[in-house]
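Numbering (my numbering), first residue to last: 50 to 292.
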């Protein structure tokens with residue numbers, strides 16, 4: 050019963066915040082003419098407000114991560130445990146852009162937000178090896194001081210385990226000269242796929258050691274994806290056994 054009440058509170062809180070965002074959007078658009086990052090900062094603030102007000106939720110973090118230094122290129126490689134991951138992204142440092150499927154832009158409201166925030170859309174069946182336009186866009190984002198974030202699994206976990214990795218993030222990192230920052234969001238048990246009632250309220254986030262671009266020279270994107278995936282699986286298994 051407690052889980053149901055907390056879940057109702059959480060979803061109601063999310064709806065209220067979303068409605069407030071819709072009300073202030075005209076002001077945000079005007080400010081965006083003068084400050085390019087105002088839209089994503091507004092979304093990040095909204096996410097942080099939700100995490101602060103949703104008091105049943107506790108967030109435990111292991112590992113340390115610092116804000117990106119000027120002139121560096123950062124690519125976050127993040128495991129995708131549940132829908133909750135969307136608001137947790139606000140906890141990652143830096144001005145972050147997402148590489149997403151273009152079909153996501155067709156989702157009402159969510160799709161509009163993706164476009165307005167300047168995230169990069171990848172058309173279906175497009176290979177990064179042969180997409181100079183996408184690569185150039187990503188390089189431009191890095192040059193402006195932005196960081197990229199990719200969910201290499203491409204979808205939420207179905208069983209709480211880290212699934213198969215696509216190689217897009219690793220191709221992009223090698224071609225753009227970016228460092229890879231693996232992050233684990235252990236959120237599946239909190240809000241499993243297909244559920245709307247929170248099953249637990251303890252979130253674990255694990256920051257792993259970054260893989261610098263200078264360390265990737267002799268590795269293919271496939272080798273990098275396998276190496277990082279296996280490391281993330283090992284860390285997740287170890288952390289869960291302790292908890």
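Beta carbons: idealized from backbone N, C-alpha and C, even for Gly.
Residue i versus residue j: straight-line alpha-carbon distance, rounded
i	j	result
residue 142	residue 52	31 Å
residue 113	residue 259	11 Å
residue 97	residue 63	11 Å
residue 119	residue 197	15 Å
residue 186	residue 167	10 Å
residue 268	residue 188	21 Å
residue 81	residue 121	25 Å
residue 110	residue 93	19 Å
residue 54	residue 201	34 Å
residue 117	residue 86	16 Å
residue 84	residue 91	12 Å
residue 73	residue 266	47 Å
residue 251	residue 108	6 Å
residue 255	residue 233	5 Å
residue 170	residue 150	6 Å
residue 133	residue 182	31 Å
Identity of the residue in the options nearest residue i by Cα
i	options	result
residue 71	222, 122, 88, 271	88
residue 100	183, 117, 140, 114	140
residue 79	266, 218, 165	165
residue 284	128, 65, 122	128
residue 56	122, 290, 104, 229	104
residue 376	75, 65, 73	Only positions 50 to 292 of the chain appear in the structure, and residue 376 is not among them; the question remains open.
residue 227	214, 263, 193, 252	263
residue 235	287, 213, 214	287
Where residue i falls: helix, strand or coil (DSSP)
i	result
residue 230	strand
residue 223	helix
residue 107	strand
residue 151	helix
residue 124	strand
residue 246	coil
residue 170	strand
residue 115	coil
residue 193	coil
residue 238	coil
residue 211	coil
Cutoff 7 Å; reference residue i; Cβ partners in own chain excluding five residues on either side
i	result
residue 282	211
residue 261	228
residue 214	201, 202, 274, 278
Close beta carbons around residue i, own chain, < 6 Å, minus the five adjacent residues each side
i	result
residue 190	146
residue 249	238, 239
residue 231	126, 257, 277, 281
residue 216	270, 271, 274
residue 245	none
residue 195	144, 146
Beta-carbon proximity list for residue i, same chain, < 8 Å, skipping 5 on both sides
i	result
residue 241	131, 209, 248
residue 43	Outside the displayed span of the chain (50 to 292) sits residue 43, for which this structure offers no information.
residue 115	142
residue 223	262, 265, 270, 273
_Entirely enclosed alpha helix (DSSP H) segments - the segment 253-278, minimum 4 residues_ = none
_Complete alpha helix (DSSP H) runs within the segment 80-106 (minimum length 4 residues, chain order)_ = 87-102
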